[in-house]
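Heads up, the sequence shown is in my numbering, so the first residue is 97 and it goes up one at a time. Note that beta-carbon positions come from the ideal geometry of N, C-alpha and C, so glycine has one too.
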Amino acid sequence: MIQSDASPLPAAVDELWWRRAELSPADTGARAVVVSAVDMLDSGKARVAEVSRTGEVVVDERARRAVLLAFRVLGAARSQVGDFHHHDRVPLKTSVEGVRVVPGAIARWGSHLAPGVVLMPSFVDIGAHVDEGSTVGTWASIGSCAQIGRNVHLSGGVGVGETGGRDGAEDFRAAGEPSGVVPAIVEDGALIGGRAVIADGARVGRGAVIGAGTILSASTPVLDARTGEELERGRVPGWCVATGGTREREFPGGAFGLGCVLVVERLEEGHRPGRAEINRILHG
């Protein structure tokens with residue numbers, strides 16, 4: 097991970113961060129700074145993280161701080177959409193130009209949805225970034241600050257990012273200096289199978305296919321099933337098919353299988369297999 101030294105957000109965000117314990121919704125000046133910063137995330141003019149040309153994850157800590165500060169300077173307010181009533185600190189997103197939003201989908205202000213995105217009934221949290229042509233399946237959840245690339249397909253029930261049910265307000269109360277925390281990242285062209293979980297700190301490479309029900313966290317061992325080689329933890333490489341598995345480990349009470357992710361097939365770059373081919377690879 098590389099921390100960005102060239103954030104498009106104003107340096108005033110950092111000053112507010114260092115005195116965050118003093119802030120409240122009554123601080124109108126602080127609120128104006130934070131709202132302006134989160135508006136830039138909402139529009140896509142800034143983002144919390146991205147993958148550089150050299151393949152490194154570059155994190156804009158100032159952008160992450162702006163997301164957390166929003167929960168300090170915004171007061172809870174009532175709103176209504178049709179027959180649905182809401183009471184929250186973070187309003188719903190209002191700019192969805194070029195995005196297909198199916199009834200039941202929820203996207204919070206501060207999330208960015210690029211043109212061509214399809215939202216089935218799903219949830220996208222503040223600070224998340226979903227790039228062009230990606231589909232967010234039914235009951236899928238994209239956590240705060242998670243990054244989804246172009247032409248990604250998240251199947252039904254997928255969770256990307258924070259999956260423990262914490263709201264940003266709790267993150268703020270628990271947060272010290274957020275340096276070193278990498279959001280969940282799913283790169284361009286990846287396909288994530290139903291009910292899979294890509295937790296904070298985990299990364300799925302370009303064009304990778306992740307089998308249904310797979311759980312990938314930052315500390316999950318990733319193994320090449322053909323060679324037994326252990327790859328980088330928490331990261332599925334690009335252009336492969338991977339699925340959840342177990343590996344045996346000895347304990348005082350006996351040998352038990354602990355969870356891992358297995359890379360079971362390498363794909364030719366640029367090739368996305370169809371459903372029948374994926375089923376053959378994963379199930380024989």
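For the beta strand (DSSP E) that contains ALA173, what are its first and last residues?
-> 173 to 177
Can you give me the Cβ contacts of GLY370 inside the same chain, cut-off strictly under 7 Å, excluding the 5 residues immediately before and after it?
-> none
Going by DSSP, what residues sit across from CYS241 in a beta bridge?
-> CYS241 is not bridged to any residue.
Work out the CA separation of GLN176 and THR150 for me, nearest whole Å.
-> 45 Å
Which same chain residues, not among the five before or five after PRO199, have their C-beta less than 8 Å away from its C-beta?
-> PRO217
Using beta-carbon positions only, say whether VAL163 and GLY125 come within less than 7 Å of one another.
-> no
Residue closest to PRO333, alpha-carbon to alpha-carbon, out of ALA304, GLY194, VAL195, ALA166 = ALA304
Same chain, Cβ closer than 6 Å to GLY194, five either side skipped, listed in chain order | PRO211
State the DSSP-derived secondary structure class of ARG368, mapped to helix, strand or coil.
-> coil
Rounded C-alpha distance that separates SER251 from ASP135 | 28 Å
When GLY257, THR323, LEU188 are compared against ALA295, the one with the closest alpha-carbon | GLY257
CB GLY330 to CB THR316, shorter than 7 Å?
-> yes
When DSSP builds the beta bridges, which residues end up paired with GLY297?
-> GLY297 is not bridged to any residue.
Taking VAL144 as the reference, give the member of ARG168, CYS241, GLU325 with the closest Cα.
-> CYS241
Nearest CA to the CA of VAL130: which residue from ARG158, SER148, GLY355, PHE352?
-> ARG158
From what residue to what residue does the alpha helix (DSSP H) around ARG127 run?
-> 124 to 139
Own chain residues within Cβ distance below 8 Å of HIS208, not counting five before or after = LEU137, ASP138, SER139, GLY140, ARG143, ALA224, HIS225, VAL226
Anyone know if the C-beta pair for ASP320 and ARG302 falls short of 7 Å?
-> no
Hey, would you say ILE306 sits closer than 7 Å to GLY289, going by beta carbons?
-> yes
Is DSSP giving GLU273 helix, strand or coil here?
-> Confidence in GLU273 is poor, its pLDDT being 47 and thus under 50, which makes the residue's placement too unreliable to answer from.
Going straight from the alpha carbon of HIS101 to that of VAL155, what length do you get?
-> What sits at residue 101 in the sequence shown is Asp, not His. Each residue's alpha carbon lies about 9 Å from the other.
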